[in-house]
Amino acid sequence: MFSHNKRLQYTLRVNETNPGLANLMLEQFGGPQGELAAACRYFTQAIAEDDPGRKDMLFDIATEELSHLEVIGTMVAMLNKGAKGRLAEGVDSEAETYRSITGAGNDSHLTQVLYGGGPALVNSAGVPWTAAYIDSIGEPTADLRSNIAAEARAKIVYERLINLTDDPGVKEALGFLMTREIAHQKSFEKALYAITPNFPPGKLPGMPEFTKVYFDMSKGGEVRGPWNQGPQWEFVADPEDQMAVDGGDGEPAIQLTPEEETAVDAMAARTASDPASDPQTGAELGMSEEAVLDELNDQLTKKP
66 MFSHNKRLQY TLRVNETNPG LANLMLEQFG GPQGELAAAC RYFTQAIAED DPGRKDMLFD
126 IATEELSHLE VIGTMVAMLN KGAKGRLAEG VDSEAETYRS ITGAGNDSHL TQVLYGGGPA
186 LVNSAGVPWT AAYIDSIGEP TADLRSNIAA EARAKIVYER LINLTDDPGV KEALGFLMTR
246 EIAHQKSFEK ALYAITPNFP PGKLPGMPEF TKVYFDMSKG GEVRGPWNQG PQWEFVADPE
306 DQMAVDGGDG EPAIQLTPEE ETAVDAMAAR TASDPASDPQ TGAELGMSEE AVLDELNDQL
366 TKKP
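So this is what it looks like as structure tokens:
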């Protein structure tokens with residue numbers, strides 16, 4: 066059960082309206098790294114979680130993300146306040162209204178026209194929010210790592226938004242939201258390390274002969290570091306050693322029933338290509354007669 070308190074988690078002060086900035090803020094309202102996606106991700110994980118500690122943590126953070134959604138949504142509405150009033154009351158000329166709502170980088174003016182200046186569940190490009198942003202898989206050792214990465218991405222977006230405004234009140238609120246991403250990262254990382262063992266994710270171990278192998282498959286500009294060298298790694302650079310590493314011949318094989326094999330052989334015979342043929346193509350028919358003769362001469366000169 067939820068109980069809503071109408072006071073924001075962080076006091077929001079906006080110095081001036083700015084529809085273009087409001088549009089950019091929608092990235093954290095209805096975007097893939099935004100607060101709604103985070104709230105839904107952690108809320109659904111909490112419902113499925115059996116560990117009481119992680120369940121409590123996930124519910125707490127999910128609910129806080131909803132409060133952050135409220136802060137961002139309120140910020141969008143406040144930044145749009147002036148344009149919303151002018152648009153609703155038609156106080157400006159048509160051209161002036163259009164300039165005001167599409168200026169300052171507000172490419173997604175549909176958020177102004179269709180949603181009346183309120184916060185829409187879209188990203189800054191006007192793409193609707195989707196549950197496809199939720200990437201939980203129901204395994205704590207995997208989901209917690211994903212949550213850590215999600216909080217890191219959200220922090221980076223907040224940093225970039227801070228760099229796009231000189232409004233001190235907006236910068237301060239964004240700084241708070243960015244800082245809470247750091248706190249959530251720490252909680253998720255602590256919860257991950259409280260599971261022992263937690264790597265590799267899941268239950269099954271890897272095949273021991275391959276878990277410490279690094280295949281150097283991209284040639285040119287090789288760099289060695291802790292990710293591919295040291296006592297925990299076997300560095301394999303020779304392409305010949307990168308094929309059929311299981312000891313087989315590297316060729317795919319399948320067991321077919323006699324009926325399947327007969328059908329497959331019949332299909333192969335029916336669709337076989339004649340490597341000795343040289344059929345005339347539609348492209349050749351569209352060439353000029355001179356070009357066709359030149360092409361034929363070229364082919365004749367190549368034959369022994």
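66 is the number of the first residue of the sequence shown in the working numbering; add one for each residue after it. Ideal Cβ positions, reconstructed from N, Cα and C, are used throughout, including at glycine.
Item, Value
"Beta-carbon gap between Val222 and Met140 smaller than 8 Å", "no"
"DSSP state of Val235 mapped onto helix, strand, coil", "helix"
"Pairwise C-alpha distance: Glu100 and Asp172", "The pLDDT assigned to Asp172 is 48, lower than 50, so where the model puts this residue is not dependable; a value taken from the coordinates is nonetheless given after this. The straight-line gap from Cα to Cα measures roughly 22 Å."
"Tyr258 burial status per 10 Å Cβ neighbour count (16 or more: buried)", "exposed"
"Coarse secondary structure for Tyr258, derived from DSSP in three states", "helix"
"Contact the stretch 194-210 vs the stretch 256-272: 3+ CB pairs below 8 Å", "yes"
"Three CB pairs or more closer than 8 Å across the stretch 106-117 and the stretch 78-89", "no"
"Alpha-carbon to alpha-carbon, Lys251 and Met122", "12 Å"
"Outcome for Gly182 when other beta-carbon atoms lying within 10 angstroms are tallied against a minimum of 16", "buried"
"Unbroken beta strand (DSSP E) run spanning Glu299, endpoints", "299-301"
"Assumed close pair Gly138, Phe67 - CB separation to whole angstroms, cut-off 8 Å", "That belief does not hold up - the Cβ atoms of Gly138 and Phe67 are roughly 16 Å apart, past 8 Å."
"Sequence-distant residues of the same chain with beta carbon closer than 8 Å to Tyr75, five excluded per side", "Val136, Ala238, Phe241, Leu242"
"Range covered by the beta strand (DSSP E) that runs through Tyr279", "278-280"
"Cβ-Cβ distance between Gln297 and Phe280 below 8 Å", "no"
"Residue environment, Phe253, which counts as buried when at least 16 other CB atoms sit within 10 Å", "buried"
"Local conformation of Val329 per DSSP, three classes", "helix"
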